[in-house]
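S.K.:
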Amino acid sequence: MNLYPFVMEILQVLILLAIGPVFVGWVRVLKCWAQGRSSAGLLQPYRDLRKLFSKDVVLAENASWIFRFTPYLVFGTAVLAGGIIPILSTDLPLAATADVIVLVALFAIARFFTALAGMDIGTAFGGMGASREMTVASLAEPAMLMAIFTMSLASRSTSLSYMAQLVMSGQSVLRPSIVFALLAFILITLAETGRIPVDNPATHLELTMIHEAMILEYSGRHLALIEWASMMKLFLFTALGIAVFAPWGIASSADLVAVAAALLFMLLKLGVAGVVLVLIETGLAKMRLFRLTEFLGSAFLLATLGMLSYFILE
Amino acid sequence: MNLAVAAQIISFLAALVLLSAFGMLVQRRMYGLIHLFAWQGLFLSISTAVVGFVAGKHHLYISSVLTLSLKVVLLPYILHVLIQRLKIQKEVETVVNVPMTMLIGIALVIFSYHLTAPVREISTLVTRSVLAIALATVMIGLLMMITRRHAVTQIIGFLAMENGLFFAATSATYGMPLVVELGVALDVLIAAFIFGIFFFHIHTTFDSLDVEQMARLKEGD
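In the order they appear, the protein sequences are chains H and R. Going by this note's numbering, 63 is the number at position 63 of the first sequence; the sequence numbering is gapless. For any residue, its number in this note's numbering is found by taking its place in the second sequence, counting from 1, and adding 1000.
(1) Under 8 Å between C-beta atoms, does P1177 of chain R make it to chain H?
(2) Confirm, please, whether the CB-CB distance from L1075 of chain R to L1159 of chain R is below 8 Å.
(3) Going by the CB atoms, is the gap between V1126 of chain R and L1013 of chain R shorter than 8 Å?
(4) When the Cα of G127 of chain H is compared with those of H:D255, H:F113 and H:L160, which residue comes out closest?
(5) On the criterion of 16 or more Cβ atoms from any shown chain inside 10 Å, does V1054 of chain R qualify as buried, or is it exposed?
(6) Could you check if Y1248 of chain R is buried or exposed, using at least 16 other CB atoms within 10 Å of its CB as the buried criterion?
(7) Excluding sequence positions up to five away, which residues of its chain have a Cβ less than 7 Å from the Cβ of F149 of chain H?
(8) Starting from L1033 of chain R and walking both ways along the alpha helix (DSSP H), at which residues does that stretch end?
(9) In the structure shown, what three-state DSSP assignment does S38 of chain H receive?
(10) Here's the rule I'm using: 16 or more other beta-carbon atoms within 10 Å means buried, otherwise exposed. How should F6 of chain H be labelled?
(11) To which residues does DSSP link A251 of chain H through a beta bridge?
(12) How many Å lie between P201 of chain H and Q44 of chain H at the Cα?
(13) Roughly how many whole angstroms lie between the Cα atoms of M1144 of chain R and L1036 of chain R?
(14) Find the nearest neighbour of I1062 of chain R within the set R:I1197, R:I1010, R:H1203 and R:P1177, judged by alpha-carbon distance.
(15) List the whole-angstrom C-beta distance separating A164 of chain H from T90 of chain H, where the pair is believed to meet the contact cut-off of C-beta under 8 Å.
(16) Leaving out the 5 sequence neighbours to the left and right, which residues in its chain are closer than 7 Å to I210 of chain H when beta-carbon positions are compared?
(17) What did DSSP end up calling D99 of chain H once you bin it into helix, strand or coil?
(18) S1020 of chain R: buried (16+ other C-beta within 10 angstroms of its C-beta) or exposed?
(19) Suppose you measure from the CA of I186 of chain H to the CA of G25 of chain H; what does that come to, to the nearest Å?
(20) Since I85 of chain H and L236 of chain H are thought to touch, with beta carbons under 8 Å apart, how far apart are those beta carbons, to the nearest angstrom?
(21) Going along chain H, which residues have a C-beta under 7 Å from F1053 of chain R?
(22) Could you list which residues in chain R have their beta carbon closer than 8 Å to that of E294 of chain H, in chain order?
(23) DSSP on H1150 of chain R, reduced to helix/strand/coil?
(24) Excluding five sequence neighbours on each side, which residues of the same chain lie with their C-beta closer than 8 Å to the C-beta of I101 of chain H?
(25) Consider the Cβ of P176 of chain H: report whether some Cβ of chain R lies at a distance smaller than 8 Å.
(26) Roughly how many angstroms lie between the CA atoms of M1030 of chain R and I280 of chain H, to the nearest whole one?
(27) Please state the DSSP three-state secondary structure of D120 of chain H.
(28) Let me see if you follow: with CB-CB separation under 8 Å, is T304 of chain H close to chain R or not?
(29) Can you check which of these residues, H:L14, H:A243 and H:M119, is closest to W65 of chain H by C-alpha distance?
(30) Between which residues of its own chain and M231 of chain H is the CB-CB distance below 8 Å, once the five residues before and five after are set aside?
(31) Once the 5 residues before and after L1079 of chain R are set aside, which same chain residues still bring their CB inside 6 Å of it?
(32) Between L182 of chain H and F245 of chain H, what straight-line distance do the alpha-carbon atoms span, to the nearest angstrom?
(33) If we cut at 8 Å on Cβ distances, does L182 of chain H have a partner in chain R?
(34) What residues are listed by DSSP as bridge partners for D1210 of chain R?
This is the structure we're talking about:
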């Protein structure tokens, strides 16, 4: 039996766990530079996580099993998603069993349980955050699926590995459908990972927070797991975007040099993605919650236009 | 440039024209609207030049330059000056129900796709697939004229419609004869001047460019 794909699988998950926090650190460092502040360094997210892991968990009296179970589930789905998305190699055993629709469902499960956990304790903030998160999700998910369907149409497959391989083979240059899908995907990524203009990851101001409001009751290792998972989520969405729209460099053969090159390319592309993200975040202000329908509506519009232009123009 | 690459460039530009049409549909600010209109003109002009190059029709170069000078430079400039003279540059228009308007826009694109299907069957031109986009641009311009209440935005909608018609002519038949195109260009220019004069009159009479005001017949009630 060929062990190579399994080794790659494990390597990918390890890289996801290791680089997720560093990527968030990189975005924070860039943001500090852009705003003329001095930064806490690339490794600050690790220090935060270590601090949280060493603290005790404080549980509310009426916390149910959902509240205790959610951090592990959220963390688990993020790790599982890391096994599906071709980050380093397209030859993955999990990628063959799960396609991109399963991936969206995985993120949806994590979100569903986070919202439940937010309401579980019964504080006002948790419920408010859950309600907002669901509002955003109900608008972002159709747009996300539409963008993915557009890509699936263009590559005639819903398997991420296959999509990446097809784009790498260079048959599609400057296709309008892919460009539209990419634009839609960028807007959705901002919404799904809770970045400005949809949500501000650095705020604890009660009127504006969405994600932070749901996890306000968490502490200790539970909070650490959720924080780590949300860092991984940012990394995963970026990796998903890279795998679908710019997969050049991802290894497709069982070769150590190719994997090393893939790692190098990945770091390079992540660096660029971080710069783009910071440019968007610095250039925009956070949107009012009720204008989000327009923001996510335009994401849906772009994705639909991508699909239409596939039929009309290609 | 081989044919496949040219076709790809043309369809990409068509997609951009459609995108700018949608952008205009939902844009609230006057200046943003004019900039989007200028961008649409630019994409149109480049696409006309590419079509002219592929088809070997040299008169298309002239219409491309005409589009560039008229729709990218002159008309936006006139509108710019108008907005400054009328002191409405800070006005932000309320757009009714943006997501709904977007959905109607999408429906219009699908409708034009089906409408132009027979033409696509029999046509042999490189640009045959672009016709649906051109028709959609016309309809979105029309939709913009219906949904907006401000006179200036309605005029921009009208000009966007004209863009769509021009695009349709280029893609369906490799452009109209040069005399017709010159005539249309002149018409649009004259229309822009007349609109300008009308704006001033509407503005002095009603103190606003909101066309809702004109629905009332009596003065001051």
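Here a beta-carbon is modelled for each residue, glycine too, at the ideal position from N, C-alpha and C. Values in this document were obtained by computation on a predicted structure and should not be read as measured data.
M.R.: Quick answer:
(1) Position 177 of the second sequence, counted from the start, is the residue given in the question as residue 1177 of chain R. Answer no: the Cβ-Cβ gap between P1177 of chain R and chain H never drops below 8 Å.
(2) Along the second sequence, read from residue 1 onward, the residue named residue 1159 of chain R stands at position 159. Along the second sequence, read from residue 1 onward, the residue named residue 1075 of chain R stands at position 75. Yes, the pair counts as a contact, with Cβ atoms nearer than the cut-off.
(3) For the purposes of this step, residue 1013 of chain R is taken as the residue at position 13 of the second sequence. For the purposes of this step, residue 1126 of chain R is taken as the residue at position 126 of the second sequence. No, Cβ-Cβ distance for L1013 of chain R and V1126 of chain R is not below 8 Å.
(4) Sequence index remark: in the first sequence, residue 127 of chain H carries index 127 (1-based). Of H:D255, H:F113 and H:L160, the residue nearest in Cα terms is H:F113.
(5) The count along the second sequence starts at 1 and reaches residue 1054 of chain R at position 54. Result: buried.
(6) As displayed, chain R neither begins before 1001 nor continues past 1221, which places residue 1248 of chain R out of reach and without an answer.
(7) Walking along the first sequence from the start, residue 149 of chain H turns up at place 149. Excluding residues within five positions, the ones whose Cβ falls inside 7 Å are M307.
(8) Here residue 1033 of chain R corresponds to residue number 33 of the second sequence, with the count starting at 1. Looking at the DSSP string, the run of the alpha helix (DSSP H) that includes L1033 of chain R is M1030 to A1055.
(9) Here residue 38 of chain H is taken as the residue at index 38 of the first sequence, counted from 1. Residue state for S38 of chain H is assigned as coil, using DSSP reduced to three classes.
(10) Residue mapping note: residue 6 of chain H aligns to position 6 of the first sequence, counting from 1. Result: exposed.
(11) Residue 251 of chain H sits at position 251 when you count from the first residue of the first sequence. According to DSSP, A251 of chain H bridges with H:S89.
(12) Working through the first sequence from its first residue, we reach residue 201 of chain H at position 201. Working through the first sequence from its first residue, we reach residue 44 of chain H at position 44. Distance between the alpha carbons of P201 of chain H and Q44 of chain H: 15 Å.
(13) Here residue 1144 of chain R is taken as the residue at index 144 of the second sequence, counted from 1. Here residue 1036 of chain R is taken as the residue at index 36 of the second sequence, counted from 1. Cα to Cα, M1144 of chain R sits roughly 14 Å from L1036 of chain R.
(14) Within the second sequence, residue 1062 of chain R is the residue found at index 62, counting from 1. With distances taken between Cα atoms, I1062 of chain R lies closest to R:P1177.
(15) Taking the first residue of the first sequence as position 1, residue 164 of chain H is located at position 164. Taking the first residue of the first sequence as position 1, residue 90 of chain H is located at position 90. That pair is a contact at about 5 Å.
(16) Along the first sequence, read from residue 1 onward, the residue named residue 210 of chain H stands at position 210. Residues of the same chain with a CB within less than 7 Å of the CB of I210 of chain H, apart from the 5 flanking positions on each side, are G129, R132, E133, V136, G194 and D199 in chain order.
(17) As a first step, residue 99 of chain H is located in the first sequence; it is residue number 99 there, counting from the start. D99 of chain H sits in coil when the DSSP states are folded into three classes, being neither helix nor strand.
(18) Your numbering for residue 1020 of chain R matches position 20 in the second sequence. Buried, since its Cβ has 16 or more Cβ neighbours within 10 Å.
(19) Counted from its first residue, the first sequence places residue 186 of chain H at position 186. Counted from its first residue, the first sequence places residue 25 of chain H at position 25. One C-alpha to the other measures close to 20 Å.
(20) For the purposes of this step, residue 85 of chain H is taken as residue 85 along the first sequence, with counting starting at 1. For the purposes of this step, residue 236 of chain H is taken as residue 236 along the first sequence, with counting starting at 1. Between the beta-carbon of I85 of chain H and that of L236 of chain H there is about 6 Å, and that keeps the pair under the 8 Å contact cut.
(21) Here the question's residue 1053 of chain R lines up with position 53 in the second sequence. Under the 7 Å cutoff, chain H gives no residues; its nearest Cβ is about 17 Å from F1053 of chain R.
(22) Residue mapping note: residue 294 of chain H aligns to position 294 of the first sequence, counting from 1. Residues of chain R passing the Cβ test: V1026, V1098 and P1099.
(23) Within the second sequence, numbered from 1, the residue matching residue 1150 of chain R stands at position 150. The answer is strand: DSSP assigns H1150 of chain R an E or B state.
(24) Position 101 of the first sequence, counting from 1, holds the residue named residue 101 of chain H. Contacts found: L145, I148 and T158.
(25) Position 176 of the first sequence holds residue 176 of chain H. At least one CB of chain R lies nearer than 8 Å to the CB of P176 of chain H.
(26) Locating residue 1030 of chain R in the second sequence gives position 30, where the first residue counts as 1. Locating residue 280 of chain H in the first sequence gives position 280, where the first residue counts as 1. Distance between the alpha carbons of M1030 of chain R and I280 of chain H: 23 Å.
(27) Walking along the first sequence from the start, residue 120 of chain H turns up at place 120. Of the three classes helix, strand and coil, the one that applies to D120 of chain H here is helix, per DSSP.
(28) Start at 1 with the first residue of the first sequence, and residue 304 of chain H comes out as number 304. It does: the Cβ of T304 of chain H has a partner Cβ on chain R nearer than 8 Å.
(29) Position 65 of the first sequence, counted from the first residue, corresponds to residue 65 of chain H. Its Cα nearest to that of W65 of chain H, the residue H:M119 stands out among H:L14, H:A243 and H:M119.
(30) In the first sequence, counting from the first residue as 1, residue 231 of chain H sits at position 231. In its chain, beyond the 5 residues on either side, G20, P21, F23, V24 and P45 have a beta carbon closer than 8 Å to the beta carbon of M231 of chain H.
(31) Taking the second sequence and counting its residues from 1, the one referred to as residue 1079 of chain R is at position 79. Here the set comprises I1034.
(32) What you label residue 182 of chain H is simply residue 182 of the first sequence in a count that begins at 1. What you label residue 245 of chain H is simply residue 245 of the first sequence in a count that begins at 1. Their Cα atoms are separated by approximately 7 Å.
(33) Working through the first sequence from its first residue, we reach residue 182 of chain H at position 182. Chain R contact via Cβ: absent.
(34) Here residue 1210 of chain R is taken as the residue at index 210 of the second sequence, counted from 1. Paired residues: R:H1150.
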